[in-house]
Amino acid sequence: MDLYQALEGRRSIRKYKPDPVPADLLTKILNAGRISPSWSNLQCWKFIVIQDPAGKERLAASLPPNNPALKAVREQAPVVIVVCADPAQSGNQDGKEYYLLDAGLAMHQMMLAAYAEGLGTCWVCWFDEAKARAALQVPPEYRIVAISPLGVPERLPSPRSSKELKEIVYMEGWGRPYEK
Ligand SMILES: Cc1cc2nc3c(=O)[nH]c(=O)nc-3n(C[C@H](O)[C@H](O)[C@H](O)COP(=O)(O)O)c2cc1C
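Here the working numbering is used: the first residue of the sequence shown is 40, the next is one more, and so on.
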């Protein structure tokens, strides 16, 4: 699949078919995260794969009941991926904690790879980290940055709405409008 097609087409998927994700495909997607860029190439992340229904149930208990992705994580998606990161293995510049970017990039590379393989994902960051940590026995030095269900989408949503370039791009410094 063309990269731009993936960038345009990927959407958050919150309803999944029960079809399993073949092991080779899961490995391919995890590899897309493994090779993503990070601060000083320190690769501060660990990925946790959950397929066991009891494990998904325990993790889902850390999501608030009104998180729209709750059902996907708890019971629908055959796989759930959790991205953890150790802030001490990344940069902290002027108070900006780059482990969040490292982990986010790894997750997004996996999401784009999943999309290219016909699978769906959804960013999930609205959860109680302490509860998720206890459910997965994550050691204290690691933060749990993001969760995503992974599976065959029940249906493909229509394109998202995004701001226009002229609303978000400035030329040569803050404030001068974008011109082609
Ligand atoms: C950092 C981050 C956290 C998010 N957390 C959640 C979440 O907890 N639950 C959920 O259903 N969607 C969550 N989303 C998905 C966004 O709502 C979604 O990406 C956005 O509406 C754009 O839609 P799209 O992903 O289909 O392009 C999150 C997205 C990002 C980038």
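The beta-carbon is built from N, C-alpha and C at its ideal position, and this holds for glycine as well.
A distance of 8 Å or more separates the beta carbons of S129 and T160. At a Cβ-Cβ threshold of 8 Å, R53 and A108 count as neighbours. Between the segment 79 to 88 and the segment 133 to 144 there are three or more inter-stretch CB-CB distances shorter than 8 Å, so the stretches are counted as touching. Cα atoms of A169 and A124: separation of roughly 15 Å, rounded to the nearest angstrom. Here W84 is bridged, per DSSP, to A124. Here R172 has I183 as same chain residues with Cβ atoms under 7 Å from its own Cβ, once five neighbours each way along the sequence are excluded. Taken atom to atom, the span from the alpha-carbon of W162 to that of G143 is near 9 Å. Fewer than three pairs of CB atoms, one per stretch, sit closer than 8 Å, so the segment 190 to 199 makes no contact with the segment 63 to 75.
Positions of the beta strand (DSSP E) runs, each at least 3 residues long and wholly inside the segment 171 to 217, are given as 182 to 190 in order along the chain. If you draw a straight line from the Cα of R49 to the Cα of G214, it comes to about 30 Å. Around the C-beta of G212, fewer than 16 other C-beta atoms lie within 10 Å, and the residue is accordingly described as exposed. Residue environment analysis places G72 among the buried positions, since at least 16 neighbouring C-beta atoms fall within 10 angstroms of its C-beta. In the DSSP secondary-structure assignment, K135 is bridged to Q132. When the Cα atoms are used, H147 and P103 turn out to be separated by approximately 23 Å.
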